[in-house]
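A short write-up of the structure that comes next.
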Amino acid sequence: MTKETITDAIAGNRIIEYTYDKVGNRLTKNDSVEGITTYTYDDNDCLLMEQLKQNGVVVQTIEYRYDDNGNLISQIKNGVEEVSYTWDKENRLIGVRKANGEVISYQYDSDGIRVSSTVNGVKTEFLVDKNLPYAQVLEERVNNGLVAGYVYGNDLISQQRGTEKSFYLVDGLGSTRGLTNANGGVKPRYAQNRTRRKEM
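In full-length UniProt numbering, the protein residues as written are 1 to 200.
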């Protein structure tokens, strides 16, 4: 994708244009509202830095650091570490620590499939269907209580959270761009990050 034209009665209209290098890494994002973001990569195509300029002035710099296996271990915004990541010997993400104090851990089964996450001491367990082409979460449970349920066809179709059911809208890349409620009303759109960033 090289250009987006967005019409939004609430947030306002905007045009976003993208450029890429020869291997498909995004080099620039020119947003008519936010400004121009440039991206820098290492020799392995891992994102090292993104820098946002408005009217030629740098207003935000985000740096990314990796371990020897290419796993993202740190995200630094304007010189301050915002997020750190911990990985196990199988290169599975097992921990996230945020600057705001939030601590997240992940647990896996013997097949390497994530079966639960714990956020600030609250554990969410996942019921996973391993028979799909890619293992997919069917249910999320906290303290044995159902929090969310998901329905799949060839891809994710809908989710149920409490009494609210939502349906997924996807673009040509398969990225979720929005959700609709049971009456067809569109919820705030999803802004998908399509840079080559190794994050969970």
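Just so you know, even glycine gets a beta-carbon here, dropped at the ideal spot from N, CA and C.
Throw me the rounded Cβ distance for the residue i and residue j pair, which I believe falls under 8 Å.
i	j	result
residue 51	residue 57	With a Cβ gap of about 11 Å, residue 51 and residue 57 do not count as contacting.
residue 80	residue 45	Rounded, the Cβ-Cβ distance is 26 Å, inconsistent with contact.
residue 118	residue 142	Residue 118 to residue 142, Cβ: 10 Å. No contact.
Buried or exposed: where does residue i fall if 16 or more other Cβ atoms within 10 Å of its Cβ makes it buried?
i	result
residue 140	buried
residue 161	exposed
residue 20	exposed
residue 47	buried
residue 137	buried
residue 152	exposed
residue 40	exposed
Considering only the alpha carbon of each residue, which of the options lies closest to residue i?
i	options	result
residue 95	135, 72 and 77	72
residue 134	34, 154 and 145	154
residue 163	173, 156 and 148	148
residue 82	182, 89, 111 and 62	62
residue 184	169, 173, 175 and 174	169
residue 64	80, 70, 76 and 53	76
residue 53	179, 78, 44 and 181	78
residue 103	91, 85, 115 and 89	85
residue 171	156, 115 and 43	156
residue 89	97, 98 and 108	108
residue 144	60, 182 and 122	122
Check whether the Cβ atoms of residue i and residue j sit closer than 9 Å, and answer yes or no.
i	j	result
residue 106	residue 127	no
residue 202	residue 18	Because the chain in this structure spans residues 1 to 200, residue 202 falls outside the shown range and cannot be described.
residue 15	residue 31	yes
residue 132	residue 1	no
residue 87	residue 100	no
Output needed for residue i: all residues of its chain with C-beta closer than 8 Å, excluding positions within five of it in sequence on either side, in chain order.
i	result
residue 130	111 and 113
residue 216	The shown model of the chain, from 1 to 200, leaves out residue 216, and the question about it has no answer.
residue 7	13
residue 33	12 and 14
residue 55	35
residue 67	73 and 87
Excluding the 5 residues preceding and the 5 following residue i in the sequence, name in chain order all residues of the same chain whose CB lies nearer than 7 Å to its CB.
i	result
residue 186	178 and 180
residue 120	102 and 103
residue 182	165
Leaving out five residues on either side along the sequence, give the residues of the same chain with a beta carbon under 6 Å from the beta carbon of residue i.
i	result
residue 37	29, 50 and 52
residue 98	83
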